[in-house]
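Going by full-length UniProt numbering, the final residue of the first sequence carries number 699, and the count climbs one at a time with no gaps. Glycine residues also receive a C-beta, built at the ideal position from the N, C-alpha and C atoms. Reviewing the structure listed below.
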Amino acid sequence: MARTSRPTRSTRSAMKQNPNDDDCDEEEKQVAVAKAKAVVVKKTYNEEEASDVDESKDDTDIAAAAYVLDGVQYTTYMDFVAAKRKRNEDRMRALGFMDASTKFTTTKRNAAASSSANATKRGIKRTKTTDTPARPTEIRKSSRLSGSKTQLISLDYYVNDWNRDSTTIVREEGEGGDDSGKTEEEVMEKFFKDRVNDGSDLTLEQAIELNDAKWNRDNSVAQAQALMEEIKHSENSGTKSRSTSQSKKTSSPTSVISAVTDDSTIAAGFAWKINGLSIDKEEWVAKVTPDRIYYVTTHPSESKLVCCAGDKQGYVGLWDVDIVSTNDNNHGVSLFRPHSRPISCLEWLNHDSMITASYDGSVRRLNVEKGIFEEIFATYDSDSTYLEDLGYGLDQGYRYWTQYVMTDPRSAGTTNPCLFVSTSVGDVFHVDLRSSRKGMITFHESVSDKKINTVSLHPNGNTLATAGNDGVVRLFDIRRFGDNRARSKSKASPKPLCQQVAGLSVSSAFFSPSGKSLLTTSFANRLDLTEDAHLKSDGTTVKPSTSIRHNNQTGRWLTTFQAKWHPTLEIFCSGSMDKPRCMEVFDSRGKMIRAITGESLSSVMSRTCFHPSSTNLVIVGGNSSGRVVAVRYCKHWIIDYRNLRNMELIYAVDFVRLHNIIVFRLRSFDCVRRFHQFFRTDGLNHPDLKTTACCTPYH
DNA sequence: TGAGAGATTAAACGT
DNA sequence: ACGTTTCCATCTCTCA
Numbered sequence: 001m002a003r004t005s006r007p008t009r010s011t012r013s014a015m016k017q018n019p020n021d022d023d024c025d026e027e028e029k030q031v032a033v034a035k036a037k038a039v040v041v042k043k044t045y046n047e048e049e050a051s052d053v054d055e056s057k058d059d060t061d062i063a064a065a066a067y068v069l070d071g072v073q074y075t076t077y078m079d080f081v082a083a084k085r086k087r088n089e090d091r092m093r094a095l096g097f098m099d100a101s102t103k104f105t106t107t108k109r110n111a112a113a114s115s116s117a118n119a120t121k122r123g124i125k126r127t128k129t130t131d132t133p134a135r136p137t138e139i140r141k142s143s144r145l146s147g148s149k150t151q152l153i154s155l156d157y158y159v160n161d162w163n164r165d166s167t168t169i170v171r172e173e174g175e176g177g178d179d180s181g182k183t184e185e186e187v188m189e190k191f192f193k194d195r196v197n198d199g200s201d202l203t204l205e206q207a208i209e210l211n212d213a214k215w216n217r218d219n220s221v222a223q224a225q226a227l228m229e230e231i232k233h234s235e236n237s238g239t240k241s242r243s244t245s246q247s248k249k250t251s252s253p254t255s256v257i258s259a260v261t262d263d264s265t266i267a268a269g270f271a272w273k274i275n276g277l278s279i280d281k282e283e284w285v286a287k288v289t290p291d292r293i294y295y296v297t298t299h300p301s302e303s304k305l306v307c308c309a310g311d312k313q314g315y316v317g318l319w320d321v322d323i324v325s326t327n328d329n330n331h332g333v334s335l336f337r338p339h340s341r342p343i344s345c346l347e348w349l350n351h352d353s354m355i356t357a358s359y360d361g362s363v364r365r366l367n368v369e370k371g372i373f374e375e376i377f378a379t380y381d382s383d384s385t386y387l388e389d390l391g392y393g394l395d396q397g398y399r400y401w402t403q404y405v406m407t408d409p410r411s412a413g414t415t416n417p418c419l420f421v422s423t424s425v426g427d428v429f430h431v432d433l434r435s436s437r438k439g440m441i442t443f444h445e446s447v448s449d450k451k452i453n454t455v456s457l458h459p460n461g462n463t464l465a466t467a468g469n470d471g472v473v474r475l476f477d478i479r480r481f482g483d484n485r486a487r488s489k490s491k492a493s494p495k496p497l498c499q500q501v502a503g504l505s506v507s508s509a510f511f512s513p514s515g516k517s518l519l520t521t522s523f524a525n526r527l528d529l530t531e532d533a534h535l536k537s538d539g540t541t542v543k544p545s546t547s548i549r550h551n552n553q554t555g556r557w558l559t560t561f562q563a564k565w566h567p568t569l570e571i572f573c574s575g576s577m578d579k580p581r582c583m584e585v586f587d588s589r590g591k592m593i594r595a596i597t598g599e600s601l602s603s604v605m606s607r608t609c610f611h612p613s614s615t616n617l618v619i620v621g622g623n624s625s626g627r628v629v630a631v632r633y634c635k636h637w638i639i640d641y642r643n644l645r646n647m648e649l650i651y652a653v654d655f656v657r658l659h660n661i662i663v664f665r666l667r668s669f670d671c672v673r674r675f676h677q678f679f680r681t682d683g684l685n686h687p688d689l690k691t692t693a694c695c696t697p698y699h
């Protein structure tokens, strides 16, 4: 099994022969462990099924009755499936979803569904979850979603609910009224309140009101307004005040990590900065959003660090990292909910306006000056209310959403940006909001039949890279794109300039700032770097020039990894599943510069990004519970132990200006020798460092 | 060939 | 300490 065998297999049969892409014993062991685990899990499910389906049955009956639904046995699988479908459709009708043509899918185990069904029959109900929405008894009048889609979304909720496993069943107390004393109107209001889709602008106050109450404080609005003021003035006044507070904060970090760098790939001065990155301050971690983070970014200001994160429920959190305040509970975080679905993109156009985009189809712009989230674009379905809107008719229904939005760098500086948008059904389109009041769709093409995860425009302004669930990265010349909506879906997709096959779903593909390299993250467990792919135009399949093995199996509860470039430098960062938890920094040749670890970095950082500054190096990471870490350069701890490979610093103390004690784990005796050699020469010459060292062998 | 079920993953939050 | 919840991700396998 050669390491170089990149998963370019295009057939599924080939995948079957070597499904794990393994190349070492340890992984084989892991697979064996995983399989053993799987057996245990399966056994548990069977036991649950046995206890759930019917108490009167004994083991032999269960074994014989392969297909049981609501206590009824079915002899064939098809009968069973048909019965289940009919059962769920009946329930939908009972709930008022009368449209017979409604299609839906069940996604969970039958056993759980049947237990829930039995629960319903016996007049008992499930334990109430914290934010269970109420049953909608009527369709909204004023909504960007037309009636059919509203029904389908509600339906989605119910189907999931029916099929939910691990349910706890409790006896219903009292009469079958509403839960916890709420009136039906109140429950309904709660259900609709979290949808922000009427096409209007949102003030800060409104966006805060849309938060779940438990995230808001009395001073939330005031705090948000104060933050906006700070951001507004950050470009002018921040530099002086911050440099003092910064030096205070970083005067005594608790650890430094030596790095393995190579001057041939990175400018020497820059490598030092990466080595100086530290992440041991508790203050540099904060809960910024309530739910899983889908996107992180930073405010572009050089003088003030504001981290921004968007989560799965449409929350956007702005975190002022260096806030000096002891009495507020939010720790410098202001939370808004400008969207109702996962945030797909957060991008600062300049220092006082940020684009927020979401799966809900809308794109907003946070106007810091005015303090509002303006809606600048949205997709609508066939609801004639929005006939006049630019996005009318784009939304194709239940399985349609806008997956990724990128602002067009060619429109930088104009008041209204242009947007590249990708969708869950494989479309890519470009919205030009500059020209008229309404704007226009420059092109709209279908480039895949699966979801497009990212789009990236090459600095040449013409080449667009798309990456999606079909496992192929395609490069297109957007000058050949046109508005293709009117034509039939069967029409052939535009021909790509070239393509790169990953085999499995590609989470992201981004061009480097210079345009030299294309960086790809895929479920085939690779970070691929392809050089000069944009120069091809003959439709060939290109191969990556560098392929880094990287565990991208994030599973269901973690946001997928998307390795991301620094906005101006040729380095990129990525989250990692490795333990201890870390964020990784690579250079443009795919060589790992740092795996940043630290006390405060204790979870998987699914999404990471760099601050745009090239002088103040900052890396921001967001995890799957809404926490954000900011990794920064500490000037007191510049240690450039180049050539000290295989060393890992485990402890360091700074007795201010006296001396430092540094303990390294060394992985071999050869390392110890080299360490001493090196330490006697370069280490003590470092101007910022007076050092005594103590070495322990690693075992 | 398509649809569906099951496995996988990590971390917060209850008891 | 342990069990529960997450469920607009994705892959693999099975069934008809």
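Item, Value
"6 angstroms Cβ shell around residue 705 - same chain, five flanking residues per side excluded", "Within the shown structure, residues of the chain are numbered from 1 to 699, placing residue 705 beyond reach of any answer."
"CB contact flag (residue 431, residue 441, <8 angstroms)", "yes"
"Residue 506 vs residue 467 beta-carbon contact at 8 angstroms", "yes"
"Cβ separation of residue 334 and residue 224, assumed to be a contact under 8 angstroms, to the nearest whole Å", "4 angstroms"
"Residue 577 - DSSP class collapsed to helix/strand/coil", "coil"
"Nearest residue (CA-CA) to residue 700, options 370, 346, 311 and 400", "Only positions 1 to 699 of the chain appear in the structure, and residue 700 is not among them; the question remains open."
"Where the beta strand (DSSP E) through residue 412 begins and ends", "Run containing residue 412: none; DSSP gives neither H nor E here."
"Reduced DSSP category for residue 747 - H, G, I as helix; E, B as strand; rest coil", "Because the chain in this structure spans residues 1 to 699, residue 747 falls outside the shown range and cannot be described."
"Separation of residue 564 from residue 522, as counted between CA atoms", "13 angstroms"
"When 315, 330 and 207 are compared against residue 219, the one with the closest alpha-carbon", "330"
"Residue 297 beta carbon less than 8 angstroms from that of residue 347", "yes"
"Reduced DSSP secondary structure (H/G/I, E/B, other) of residue 232", "helix"
"Helix, strand or coil at residue 474 according to DSSP, with G and I counted as helix", "strand"
"Same chain only: Cβ atoms within 6 angstroms of residue 410, ignoring 5 sequence neighbours per side", "461"
"Endpoints, alpha helix (DSSP H) assigned at residue 207", "204-209"
"Residue 502, buried or exposed, once every other Cβ within 10 Å from all chains shown has been counted against 16", "buried"
"8 angstroms Cβ cutoff met for residue 496 and residue 475", "yes"
"C-alpha gap between residue 607 and residue 593, whole angstroms", "18 angstroms"
"For residue 534, three-class secondary structure by DSSP", "helix"
"Distance CB(residue 207)-CB(residue 377) smaller than 8 angstroms", "no"
"Residue 404, enclosing beta strand (DSSP E) - first and last residue", "402-407"
"Boundaries (first-last residue) of the beta strand (DSSP E) holding residue 524", "Careful: residue 524 lies outside any beta strand (DSSP E) and carries neither H nor E."
"Reduced DSSP category for residue 220 - H, G, I as helix; E, B as strand; rest coil", "helix"
"For residue 500: DSSP bridge partner residues", "473"
"Contact check, residue 513 vs residue 569, beta carbons under 8 angstroms", "yes"
"Among 420, 217, 537 and 453, the one whose alpha carbon lies nearest that of residue 477", "537"
"Distance between beta carbons of residue 289 and residue 515, contact taken as under 8 angstroms", "In fact, because the Cβ distance is near 33 angstroms, the residues do not count as touching under 8 angstroms."
"C-alpha distance - residue 524 paired with residue 318, whole-angstrom precision", "34 angstroms"
"Range covered by the beta strand (DSSP E) that runs through residue 369", "No beta strand (DSSP E) contains residue 369, which DSSP labels as neither H nor E."
"Straight-line gap, residue 369 to residue 375 (C-alpha atoms, nearest Å)", "15 angstroms"
"Option in 573, 581, 301 and 559 with minimal Cα separation from residue 610", "573"
"C-alpha gap between residue 391 and residue 381, whole angstroms", "8 angstroms"
"Beta carbon of residue 597 nearer than 8 angstroms to that of residue 580", "yes"
"Element boundaries [beta strand (DSSP E), containing residue 430]", "427-432"
"Expected contact under 8 angstroms - CB spacing of residue 728 and residue 353 to nearest Å", "No information on residue 728 is available, as it lies outside the stretch 1 to 699 that the chain covers here."
"Rounded distance between the beta-carbons of residue 351 and residue 422, thought under 8 angstroms", "The pair is not a contact, with the Cβ atoms about 27 angstroms apart (cut-off 8 angstroms)."
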